[in-house]
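A.B. asks:
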Amino acid sequence: MQHQPQGASNETDPLLLLIPLLSGAALADPQCTRTDKSKWLSEADAQQQIKAMGYDIKKFKVTKTNCYEIYGWDKEKRKVEIYFDPTDLKKVKEEIDE
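1236 is the number of the first residue of the sequence shown in this note's numbering; add one for each residue after it.
(1) Could you please give me the residues that DSSP links to I1317 through a beta bridge?
(2) According to the Cβ coordinates, are I1285 and R1313 closer than 8 angstroms?
(3) Sorted by chain position, which residues of the same chain lie with C-beta nearer than 6 angstroms to E1316's C-beta, five sequence neighbours on each side aside?
(4) For D1280, is the classification buried or exposed, using 16 other Cβ atoms within 10 angstroms of its Cβ as the cut-off for buried?
(5) Give me the Cα-Cα distance between Y1318 and W1275, rounded to the nearest whole angstrom.
(6) Got a sec? Which residues, its chain only, sit under 7 angstroms from V1327 by beta carbon, not counting five neighbours each side?
(7) In chain order, what residues of the same chain have a beta carbon less than 8 angstroms from the beta carbon of G1289, not counting five sequence neighbours either side?
(8) Using a threshold of 8 angstroms, state whether the C-beta atoms of F1295 and Q1282 are closer than that.
(9) What is the DSSP secondary structure of K1293, counted as helix, strand or coil?
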């Protein structure tokens, strides 16, 4: 029989198991909406409106977390990655390379 220090346990602290999950969540796409897709702007309309806002779209996609995401450039020609709510095109998250 092995001797363990008093208070020591062979069990893993359940909170330690959450660390990988929490670190992955920080990198995950934002959740933009839970609204039914029938209420979303069409992808074509969304792209047209986003271009009218002054963005040059290199890539447009629908995320698994219900966002319209673009990669492209803003009016100042800075590289951007933006997540839009597909129901009203409000910006949910924006990353700009200065």
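Cβ atoms here follow ideal geometry from the backbone N, Cα and C, with glycine treated the same way.
C.D. replies: In short, the structure shows the following:
(1) Looking at the DSSP assignment, I1317 forms a beta bridge with I1305 and E1329.
(2) No, these two residues do not count as a Cβ contact at 8 angstroms.
(3) Cβ within range, chain order: Y1306 and E1330.
(4) The Cβ neighbour count for D1280, taken over all protein chains shown within 10 Å, is under 16; the residue is labelled exposed.
(5) The straight-line gap separating the alpha-carbon atoms of Y1318 and W1275 is approximately 14 angstroms.
(6) Taken in chain order, the residues that qualify are P1265, C1267, C1302, Y1318, F1319 and D1320.
(7) Cβ within range, chain order: D1309 and K1310.
(8) Taking a C-beta distance under 8 angstroms as the contact criterion, F1295 and Q1282 qualify as a contact pair.
(9) K1293: strand per DSSP, three-state reduction.
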